[in-house]
Structure formats: C-alpha cells, structure tokens
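Here is the structure we will look at.
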Amino acid sequence: MAISVFDLFSIGIGPSSSHTVGPMRAARMFVGRLKKDGLLAQTTSVRAELFGSLGATGHGHGTPKAVLLGLEGHSPRTVNVETADDEVERIRATGKLRLLATEIGSAHEIDFDEPNELILHRRRSLPYHANGMTLFAYDAQGAPLLEKTYYSVGGGFVVDEDAVAGENPIVPDDTVLKYPFRTGDELLRLANETGLSISSLMLENEKAWRTEEEIREGLLEIWRVMQSCVSRGMSREGILPGGLKVRRRAANSARQLRADGDPKAHAMEWVTLYAMAVNEENAAGGRVVTAPTNGAAGIIPAVLHFYMNFVPNADEDGVVRFLLAAGAIGMLFKENASISGAEVGCQGEVGSACSMAAGALAEVLGGSPEQVENAAEIGMEHNLGLTCDPVGGLVQIPCIERNGMASVKAVTAAKMAMRGDGSHKVSLDKVIKTMKETGADMKVKYKETARGGLAVNVIEC
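Heads up: the sequence shown is residues 0 to 460, going by numbering that gives the first Met the number 0.
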C-alpha cells in the first residue's frame, strides 16, 4: 500500500473535497467507463443518486454542480472556476448534457432532466461509507447499460464498488517504496536507523514515482496555487454564495492589519487571516488545494505562509521540506483512521490538517524526528472530538473561522514541541487511534449531515 504526497495535496475546486472534488471525479470516471466499454454512443439517459452525507448536505456543498461538470468530462484540477457556474446553468436551461464534452471527438449530447435524474437521498445511506453515489446509464429503450457505485472517502479520494474490500478505503498501490511505513513508530524507527529527517525520508519514497526535480517542481506548483488562493481571498469582497449571506472578511482584515504597521507584532492575526482567506475562496467555489481536504484547506497554507513571512532564512527548499513532512504525517491519518468529516467528524479534517501543519513547521524549524512527531501529536490531541456541523450544510460556519483557529494552534504546537526534547507521554499513533475510535462513537448528526450541533441551533437567515 503506497500513498504519495501528491495524493494528499491535489489542486481542485471548492467548496468540498469529499462533496465536490470526489463526486466530480466519480462522475467523470463513470462516463469514461462508458466510453471505454463502447457504450457511450448507445447512452440516451443517465441518472445519479447521492446517499448519506452527499445526499444530506450535497446542495450546500455544490455536489449537483460537481456531478454535472464531471459528466461533461471536467476535472477538479483543470475546470475553469470562473465559468463553471455558467456551464451548469447552460445544462439546466437547455435540458441537455454533453457527455465527455471536454474530450475532443467524444461529446455525446443527451436529454437531462435534473429534478428526476439527479436525486439526493437525505436519509438513506450505502453500507460502506457515508459519502456514496450510484450512477446509471440507459439506452433508448430504457434498458440499463451500466451501473456503478462510488464512494468519496475524503480528501478527493474516490473508490468504486469493485475496490471496496476490508476496512482500508484506498485502492492498493503495489509501488515498492524505499522506506515503507504505516505508523508513527515505524516512521521514527526508520528516521533513527537512516539518520534522515522526516522530509528526506519522504523524499526518498516519492522517488518511486517521480524524479527529485519533478517532486520539487510539483510541490512548488502546489505552493504557488496556495499563494494565489491566499492572495485572491485577501482581495475579494462581497457575500459568499449559498443563502446564509456570510460576508467575506479577509480583505477588510488585511487592510486593517497593513494599517497597523509591523507585521511581526501581529503574526498570529496574519496566520488567522491567511487561513480565512483560503476558506472564503473555498466557500465561493474557487481554486484551492486539498490539504488534506477542502474543509481544512486553509491551515497548511496559513502555516506555510507563517514560515515564509515570519521565519528568518525561509526559502523554497523549506517549502518543499514542509510539504513532504506534512505529507508523511497525513499518510498516517489516511492509513490508520480517516480524513473524512462524514466518517469521523471535523477532527478528521481540521484535526489532521492541524497535526500535519504543526509537524511540518517543526521540521523546517530544525526539529528532530521526535520533535516533529511530538508537534503532530499535540496538534491532533487538542482537536479530538471536534464535530462537523456546518450551518445550512455550507462550508462557511463554523468552517472558515475554525481553520483560522487551528492554524494558530498548529504554530503553537510546533513551538511547544521545539521547546522540548521530543519525549512525551502520548504518541501520535495513540492519538490517531483515539481519533478513529472517537469518530466511531460520534453520533451521525455530528458528522457532516447538518442535523446536529450548530447546524440546528443557529437560525438560518
């Protein structure tokens, strides 16, 4: 089983990795399968049914929009975020869907009646995961051509029904890594045996897929997208879509902080601002990086901006090491628990991102592998039990502010670990195990269904 850092950090579209990015990929996979099996030309209608959390909060997370764009062949990485809404309005206005329209010579137009052919089941779930969807294709006589079920398991990861086996939601990758690890203890053992830092060890594993130059450039591209997202978020004003009438605050906060003078005197306010800028862009359906999810997309960019803007001698080499170390920690959560809010609550999203950012910051501050592991453990330990209860099913309240709070917590965790020698009572493995068990005990209404917590105690306006 092998997971790349580029699986955890992928360029996509807001507002949700599990509800937007995953369903778009699944819909695109489905139509690609029709084409591969020679069934595309016979297809005259398609139907999509969304279950569990996808059905309960899909409208607020832009899932119908994502499915329509995916059926037309769009990818989360390349879809034009400025024209995506216009594309969806065209489909709805004309009642026509152009399957695989983005592939040259592949567009196949069919009739599409969204109210009857894109169905959200608010209280029905599929057995394997809370984010399930089934797609159907039919010929002119109404006979079924293809039926496939997909699960969006968090962070944009998608598996189909054929890949579901046991408890591990990731399609097995038999790539042989130089230093394979599945637990924090194994990671520390390898670091001590080789004398490598966490990021250097992760780099050696990434070379199984790419050259060192390709890894560096790929990670710096991710950094550039993060920077662009922060910049856009700090310059755009207005009301976020979705009906809650949440006003963007990052641009105004940026003006106030610039007017206050010396940024170093307000470093933590800047960290909060960076995160909120990203998550306002995410809520608006903008271009973001899953890190490791969209709902928690602001934390790692915020802490990475803290490193670049407030740590002396920060450079792009540090950015690469930061993302590699964060990826190593993220793999532990993906392998041994979950990063899906629908599965374990927000502790799996914001908690894992806080842990990744804390450990990565300790890495670039010169921390030992033990200090990196300690920082990551602190970041997760103090997010245990965090519920996912978005008001109106939108990734806005409490998600935007929550990313800002967790970013400050990540910086604090890294600094706490750097003051110690790496020894501590609770290991990262233990806290990941606890997070998984806590998620299993958590009531469904607190796991991205918008049926509990703030989601029902705040009056929508």
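Ideal placement from N, C-alpha and C gives every residue a C-beta, glycine not left out.
N- and C-terminal bounds of the alpha helix (DSSP H) containing residue i
{"i": "Ile197", "result": "197–205"}
{"i": "Arg209", "result": "Neither: Arg209 is in no alpha helix (DSSP H) and is coded neither H nor E."}
{"i": "Arg188", "result": "183–193"}
{"i": "Gly358", "result": "349–363"}
{"i": "Arg418", "result": "398–418"}
{"i": "Glu160", "result": "Segment: none, Glu160 is in no alpha helix (DSSP H) and carries neither H nor E."}
Close Cβ partners of residue i (< 8 angstroms) along its chain, the five nearest in sequence each way excluded
{"i": "Asn251", "result": "Glu236"}
{"i": "Gly391", "result": "Gly59, Gly241, Gly242, Leu243, Ala449, Ala454, Glu459"}
{"i": "Leu256", "result": "Pro262, His265, Glu268, Trp269, Leu272"}
{"i": "Met275", "result": "Gly232, Arg248, Ala249, Ser252, Gly297, Ile399, Glu400, Asn402, Gly403"}
Cβ shell of residue i (< 6 angstroms), same chain only, five flanking positions each side left out
{"i": "Lys95", "result": "Glu108"}
{"i": "Cys486", "result": "Any property of residue 486 remains undetermined from this structure, which presents the chain solely from 0 to 460."}
{"i": "Leu119", "result": "Leu49, Gly54, Gly57"}
{"i": "Ala100", "result": "Glu71, Gly72, Ala106"}
{"i": "Leu7", "result": "Pro291, Gly326, Gly329"}
{"i": "Ser16", "result": "Gly154, Gly155, Thr289, Thr292, Asn293"}
{"i": "Thr133", "result": "Glu48, Thr148"}
{"i": "Ser367", "result": "Gly421"}
Residue i - containing beta strand (DSSP E), residue span
{"i": "Ala136", "result": "130–137"}
{"i": "Thr148", "result": "143–153"}
{"i": "Val287", "result": "286–289"}
{"i": "Arg121", "result": "That residue, Arg121, is in no beta strand (DSSP E); it is neither H nor E in DSSP."}
{"i": "Arg46", "result": "44–50"}
{"i": "Ser9", "result": "9–12"}
{"i": "Arg97", "result": "95–98"}
{"i": "Ile109", "result": "107–110"}
Cβ distance (whole Å) where residue i is taken to contact residue j below 8 angstroms
{"i": "Ala357", "j": "Ile377", "result": "6 angstroms"}
{"i": "Pro291", "j": "Gly154", "result": "5 angstroms"}
{"i": "Ala295", "j": "Val270", "result": "Not really, about 15 angstroms apart at Cβ, beyond 8 angstroms."}
{"i": "Gly260", "j": "Ala249", "result": "Not a contact, Cβ separation roughly 19 angstroms."}
Heavy atom of the ligand FMN within 8 angstroms of residue i beta-carbon
{"i": "Phe111", "result": "The ligand content of the structure shown is nil, which means the ligand FMN is not present either."}
Pairwise C-alpha distance: residue j and residue i
{"i": "Ala375", "j": "Leu33", "result": "43 angstroms"}
{"i": "Asp85", "j": "Asn79", "result": "10 angstroms"}
{"i": "Ala282", "j": "Gly194", "result": "42 angstroms"}
{"i": "Ile467", "j": "Gly297", "result": "Here the chain has residues from 0 to 460 only, and residue 467 is not among them."}
{"i": "Val4", "j": "Glu220", "result": "13 angstroms"}
{"i": "Glu380", "j": "Asp110", "result": "51 angstroms"}
{"i": "His265", "j": "Arg215", "result": "31 angstroms"}
{"i": "Met28", "j": "Ile299", "result": "29 angstroms"}
{"i": "Thr182", "j": "Val430", "result": "12 angstroms"}
{"i": "Arg89", "j": "Ala361", "result": "48 angstroms"}
{"i": "Glu436", "j": "Val20", "result": "27 angstroms"}
{"i": "Arg123", "j": "Leu117", "result": "15 angstroms"}
{"i": "Thr82", "j": "Thr43", "result": "26 angstroms"}
Cut-off 7 angstroms between Cβ atoms - residues of its own chain near residue i, not counting five sequence neighbours on either side
{"i": "Leu38", "result": "Ala136, Leu144, Leu145"}
{"i": "Met415", "result": "Ile377"}
Cβ of residue i within 9 angstroms of any chain B Cβ
{"i": "Ala325", "result": "The chain labelled as chain B is not found in the depicted structure, where only one protein chain is given."}
Does the structure place the segment 399–410 close enough to the segment 340–360 that three or more beta carbon pairs sit under 8 angstroms?
Cβ pair count under 8 angstroms is three or more, so yes.
Evaluate contact between the segment 419–427 and the segment 304–314, counting only Cβ atoms and requiring at least three cross-stretch pairs below 8 angstroms.
In short, these stretches do not touch, since the Cβ pair count stays below three.
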